[in-house]
Structures are given as structure tokens and as C-alpha cells.
Amino acid sequence: MHGPGPAGSPLIIKPLSMHQLFRLVLGQKDLSRAGDLFSLEDSEIEDSLTEALEQIKIISSSSDYQTNNNDQAVVEICITRITTAIRETESIEKHAKALVGLWDSCLEHNLRPSGKDEDTPHAKIASDIMSCILQNYNRPPVMALAIPIAVKFLHRGNKELCRNMSNYLSLAAITKADLLADHTEVIVKSILQGSTIRPRVRLSSVQSLSRVRLFATP
33 MHGPGPAGSP LIIKPLSMHQ LFRLVLGQKD LSRAGDLFSL EDSEIEDSLT
83 EALEQIKIIS SSSDYQTNNN DQAVVEICIT RITTAIRETE SIEKHAKALV
133 GLWDSCLEHN LRPSGKDEDT PHAKIASDIM SCILQNYNRP PVMALAIPIA
183 VKFLHRGNKE LCRNMSNYLS LAAITKADLL ADHTEVIVKS ILQGSTIRPR
233 VRLSSVQSLS RVRLFATP
């Protein structure tokens with residue numbers, strides 16, 4: 033067991049399958065050791081990723097997270113390491129629930145830029161994990177979890193996040209339109225607000241499934 037960390041109460045980490053370095057970095061929020069995660073093989077930490085994501089969700093949901101630069105840096109490094117490992121081990125379906133759960137938790141916080149093109153801490157988390165999730169638009173089990181959450185980001189006041197999100201949703205509309213059919217109204221509203229998907233071709237298959245008629249000039 034590791035001793036108490038720096039000032040502040042360390043998180044209580046459940047002693048399950050999480051790699052000891054993840055347990056140290058996340059439990060003590062130890063920025064000085066976070067970079068060491070990149071010295072580990074992807075296969076060495078793959079079994080730890082879901083639990084690590086759950087701990088990141090706890091950290092990022094704390095009341096002082098938005099003003100705690102140390103915690104934000106730890107989370108940013110850990111998310112980068114986790115998403116890299118997920119891609120390299122092709123284990124997205126195994127960890128999708130925890131990854132989408134963290135993504136969903138970002139919606140509980142302010143996502144509007146706080147200054148000129150400066151994302152809030154939770155907008156950064158959402159952006160960092162977005163591509164890891166939505167680049168798997170050809171994996172129905174992952175998209176079934178992700179799309180109901182993804183569409184919620186379209187009306188949260190972050191234009192860059194919205195633009196990137198809509199690009200992935202466009203790809204999903206081409207490959208698995210049925211997963212988007214229930215969310216056509218939200219997507220159409222975004223189009224009419226001029227913020228997201230080009231309606232030409234991108235939504236045609238979704239429209240036919242949901243029986244929503246949208247006429248737009250190409």
C-alpha cells in the first residue's frame with residue numbers, strides 16, 4: 033500500500049485489477065509519476081483501463097476539479113495513455129461502457145469556452161476521448177452506447193466540439209443509419225442552426241428510416 037500523497041485527501045482506490053502505477057497516479061493524483069505510464073506495454077495495462085476510467089470520472093467530478101491544475105494534468109495524461117492503449121490493443125468494445133460513461137459525465141459540467149478559443153476542463157476531456165469512441169463508427173455495439181450521448185453535445189455551446197462531433201456522426205449515418213434514426217430531430221435542429229452536418233447525402237438514409245423530410249439546397 034502507498035502512503036498518503038501530497039496535500040489534500042487522496043482518493044480511495046479499490047484494490048482490484050488496476051495496475052499499481054495507475055493506482056498510484058490516480059489514487060495520489062501524482063503528476064510526477066503520470067508520465068511513467070507511457071513506459072508500460074499496452075498489453076500490460078489493458079486489463080486496468082475500465083477501472084482507471086472509472087477513477088478518472090470520480091476525479092473529474094470533484095467540486096474543485098475545474099480549478100485544480102494538477103488534477104487536470106493527471107487526467108489529461110491518463111486519458112491519453114488509456115486511449116492509446118485501447119487503440120493499440122483494439123479493445124474498444126471491452127472498455128466502451130466506461131469510456132462512454134466518462135464522456136457522458138462531461139455533459140454535467142460547463143462546456144462553453146471560457147475565453148478566446150479556450151476549452152473548459154470538461155470540454156477537453158470530451159474532446160480527448162471523442163475520437164477514440166467515434167472512430168469506431170463501424171462497430172454497432174460501440175455506436176449503440178455512444179450515439180445517444182454524442183447527440184447531446186450538439187447543443188452545449190461549444191462550436192469546435194460540435195463540429196468535430198458532427199463529422200463523426202456523418203460517418204455513422206453512412207454506415208449504420210438505423211442507430212441515428214431516433215435522433216434525427218436533434219440533428220436536424222443543429223443543421224437549421226447552421227452549426228453541424230451538411231444535410232446533402234449525409235442524412236438521407238437516416239431520414240428514410242425516421243420518415244422525416246428535410247429539403248436542403250446542395
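Numbering-wise (the numbering used here), the sequence shown opens with residue 33 and increments by one.
All C-beta atoms in this analysis are idealised placements derived from N, C-alpha and C, irrespective of residue type, glycine included.
Here the structure is a predicted model, which is why all the values come from computation and not from measurement.
Legend entry - Cutoff 8 Å; reference Leu69; Cβ partners in own chain excluding five residues on either side: Leu53, Phe54, Val57, Ile77, Ile109, Cys110 and Arg113
Legend entry - Close beta carbons around Val106, own chain, < 8 Å, minus the five adjacent residues each side: Val57, Leu58, Lys61, Asp62, Leu63, Ala66 and Ile91
Legend entry - Nearest candidate by alpha-carbon position, reference Thr207, set Ala155, Glu140, Leu166 and Tyr97: Leu166
Inset, instruction - With distances taken Cα to Cα, identify the nearest neighbour of Arg119 among Met162, His215 and Glu192. - result: Met162
Inset, instruction - Could you check which residue in Ala130, Ser75, Ile124 and Thr152 has the C-alpha nearest to that of Asn101? - result: Thr152
Legend entry - Cβ-Cβ distance between Leu134 and Lys184 below 8 Å: no
Legend entry - Distance between beta carbons of Leu177 and Ala128, contact taken as under 8 Å: 5 Å
Inset, instruction - Work out the CA separation of Gln87 and Lys156 for me, nearest whole Å. - result: 17 Å
Legend entry - Range of the contiguous alpha helix (DSSP H) that encloses His127: Ile124 to Ser137
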